[in-house]
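Reading through the structure tokens given below for one structure.
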Amino acid sequence: MIFSPKKDVFFDLLFTISENVKEAEQYFVEYKIRNVSDLKEFARVMKEYERKGDSYI
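Quick note on our numbering: the sequence shown kicks off at 60 and runs consecutively.
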């Protein structure tokens, strides 16, 4: 075969980013904040999702 399909790096990256956003969204929706320490933990985990997303760009 003269031409072979190339791996679509953009699509793979976009898929990885969207998976991270989906995980963050699920965490955001499901987490129940009951007190200040819960809020701090929630913020810490959301910041981790943000850092993970930033690392893809």
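C-beta atoms are modelled at their ideal positions from N, C-alpha and C, and glycine is treated no differently.
CB of I76 within 9 Å of CB of Y108, strictly: Stepping through the sequence shown from its first residue, residue 76 is reached at position 17. Stepping through the sequence shown from its first residue, residue 108 is reached at position 49. Result no, Cβ atoms of I76 and Y108 do not sit closer than 9 Å.
Endpoints, the alpha helix (DSSP H) within which R110 is located: Within the sequence shown, residue 110 is the residue found at index 51, counting from 1. Segment 95 to 115, the alpha helix (DSSP H) holding R110.
N- and C-terminal bounds of the alpha helix (DSSP H) containing D71: Residue mapping note: residue 71 aligns to position 12 of the sequence shown, counting from 1. Here the alpha helix (DSSP H) through D71 covers 68 to 89.
C-alpha distance - K111 paired with E100, whole-angstrom precision: Within the sequence shown, residue 111 is the residue found at index 52, counting from 1. Within the sequence shown, residue 100 is the residue found at index 41, counting from 1. Looking at the two C-alpha atoms, the distance is approximately 17 Å.
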